[in-house]
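Protein chains in written order, with this note's numbering: chain A, 1 to 315; chain B, 316 to 567.
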């Protein structure tokens with residue numbers, strides 16, 4: 001029994017780490033640059049699909065999909081980043097030029113739905129609603145199925161650490177400072193000579209790249225990818241986690257994602273009987289909502305608020 | 316230095332700026348006054364690129380910048396402030412200063428990852444400059460406080476400090492005295508004159524506080540109903556019939 005709990009815990013940590021990478025990218029967009037992305041899940045989906053199409057076995061005569069390139073898994077994970085960033089570029093180009101955020105909000109929301117429609121209907125590319133099943137997981141052959149969970153969790157946590165270090169360097173640089181400036185006052189930023197359109201576009205693309213990588217890792221975690229996994233509510237996991245953990249704080253973003261996944265998985269784990277299970281799972285949204293309201297009431301800046309940049313050392 | 320010719324700006328049927336031509340000489344402190352709704356801020360918005368003009372030309376040091384983006388105009392050496400004290404509120408005073416220098420190495424992502432040495436050198440230089448300026452405007456003690464916690468006078472001063480960090484040559488100030496206590500007027504005048512003497516900056520200032528404008532500027536433009544009424548020293552414009560009419564109403 002305790003072994004079961006441990007492996008469940010390992011799986012939860014792996015999932016939380018993946019969502020933490022996902023939330024880190026969103027925090028750059030929203031927490032740092034004030035880009036209210038309502039379709040963030042689109043980049044998660046694009047990352048997942050791109051990496052699968054690149055790594056899945058080529059189609060047999062009975063298969064509906066046309067492409068499967070059978071490339072190594074790491075190629076898929078790495079390719080997910082530029083693929084997602086490319087779509088961010090295409091959607092950001094027309095929307096970020098406009099100072100008013102309304103258009104960006106509407107377009108990102110619509111874009112995510114378009115991506116989902118494409119996944120459902122362009123069967124030659126995505127295999128439609130059947131999606132892709134039985135994906136292989138990295139280094140699986142070296143472990144027993146029990147120990148593999150722990151290995152996979154550490155692999156995901158390792159990826160999260162790398163993602164965090166990259167993000168920290170971006171955020172602590174003058175580039176990150178400029179993004180914060182855009183968030184605080186975009187007009188003042190322009191009047192100092194900052195090309196805020198380019199900066200916003202870069203922030204949007206980097207954030208999308210993080211979601212893309214998270215999506216490709218998510219595919220390795222679930223081993224199944226269907227369009228239904230990328231419904232709009234997944235966007236709001238990132239929103240929830242950033243609000244909960246702390247807007248503009250990378251550690252907060254990670255913390256928020258961990259809280260979300262742990263609460264979420266706990267409602268699954270505590271399912272005793274079937275009747276009780278349905279009740280608990282329908283309560284999930286309620287629990288998340290109440291938690292968010294409480295945090296916004298009592299800690300409006302999130303659990304970890306944005307860190308003050310202090311210049312105190314001698315030059 | 317700054318020359319605008321026949322600038323027009325319409326909002327629907329309303330002509331907010333009507334064929335305005337004026338020039339601001341190098342190292343001058345030029346005032347722009349006029350009753351509410353005269354079109355002063357609209358003119359500023361057009362000059363600084365925040366609004367598209369409907370006609371005319373803007374020349375900045377021999378270059379037509381009328382169709383430039385706001386940031387491009389700032390990079391050409393003309394920066395502006397806003398009517399309401401604007402700053403990067405949830406950032407510290409020092410961050411506000413450090414963000415201002417133009418075209419920083421560290422704003423380029425390639426450098427952030429592969430050439431941190433240059434960034435650090437530049438950050439050091441900028442910080443030294445920022446500390447000097449903060450000492451000049453008396454905000455050094457507050458360098459690690461959030462701007463949202465400052466008094467509005469301090470935010471106005473910080474705005475000028477940020478502009479100094481950009482290395483720009485011409486400053487457009489939109490109502491530097493609004494929301495600032497009158498007791499502070501003398502100090503603001505001194506800062507502006509000091510900057511002109513020491514670094515050779517040029518100022519173009521909108522202000523409703525006529526006492527301030529009288530004290531600070533060498534020459535003044537008066538605007539009413541979108542048009543420029545006259546130009547001259549304080550003595551000249553206060554004697555002008557049209558100006559008196561604009562401010563006090565015409566004879567019955």
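All C-beta atoms, glycine included, are put in the ideal place defined by N, C-alpha and C.
Every value quoted in this text rests on a predicted model; they were computed, and no experiment measured them.
Asked: Opening and closing residue of the beta strand (DSSP E) in which residue 325 of chain B lies; Found: 317-326
Asked: Chain A residues whose Cβ lies nearer than 8 Å to that of residue 390 of chain B; Found: 193
Asked: The segment 97-113 of chain A / the segment 30-41 of chain A touching (three or more Cβ pairs under 8 Å); Found: yes
Asked: Cross-chain neighbours of residue 491 of chain B in chain A, by beta carbon under 8 Å; Found: The contacting residues do not exist; residue 491 of chain B stays about 14 Å from chain A at best.
Asked: Contact set for residue 530 of chain B: own chain, Cβ-Cβ below 7 Å, skip 5 residues either direction; Found: 504
Asked: Touch test, the segment 372-389 of chain B against the segment 408-415 of chain B, Cβ-Cβ under 8 Å, three pairs minimum; Found: no
Asked: Any chain B beta carbon closer than 8 Å to residue 311 of chain A; Found: yes
Asked: Residue 345 of chain B and residue 518 of chain B closer than 8 Å at C-beta; Found: yes
Asked: Local conformation of residue 367 of chain B per DSSP, three classes; Found: coil
Asked: Residues, ordered as in the chain, of the segment 184-209 of chain A that lie near chain B by beta-carbon distance below 9 Å; Found: 184, 185, 187, 188, 189, 190, 191, 192, 193, 194, 195, 196, 197, 199, 202 and 206
Asked: Span separating the alpha-carbon of residue 369 of chain B from that of residue 393 of chain B; Found: 21 Å
Asked: Candidates A:126, A:297, A:24 and A:248: closest to residue 65 of chain A by CA position; Found: A:126
Asked: Status (buried if at least 16 other CB within 10 Å, exposed otherwise) for residue 490 of chain B; Found: buried
Asked: Spatial neighbours of residue 568 of chain B in its chain, beta-carbon cut-off 6 Å, leaving aside the 5 residues before and after; Found: Lying before the first or after the last residue shown, residue 568 of chain B is absent from chain B, which here runs from 316 to 567.
Asked: CB contact check: residue 363 of chain B to chain A, cutoff 8 Å; Found: yes
Asked: Within chain B, partners of residue 3 of chain A - CB distance below 8 Å; Found: What residue 3 of chain A touches in chain B: nothing, since even the nearest Cβ is about 43 Å away.
Asked: Backbone secondary structure at residue 328 of chain A - three-state DSSP; Found: Examination of residue 328 of chain A is not possible in this model, given that chain A is present from 1 through 315 alone.
Asked: Nearest candidate by alpha-carbon position, reference residue 118 of chain A, set A:230, A:22, A:139 and A:220; Found: A:230
Asked: Chain A contact for residue 421 of chain B (CB, 8 Å cutoff); Found: yes
Asked: 8 Å Cβ cutoff met for residue 21 of chain A and residue 217 of chain A; Found: yes
Asked: Proximity of residue 10 of chain A and residue 153 of chain A at Cβ, strictly below 8 Å; Found: yes
Asked: Buried versus exposed, by CB contacts within 10 Å (16 or more), residue 240 of chain A; Found: buried
Asked: Where the alpha helix (DSSP H) through residue 536 of chain B begins and ends; Found: That residue, residue 536 of chain B, is in no alpha helix (DSSP H); its beta strand (DSSP E) goes 534-539.
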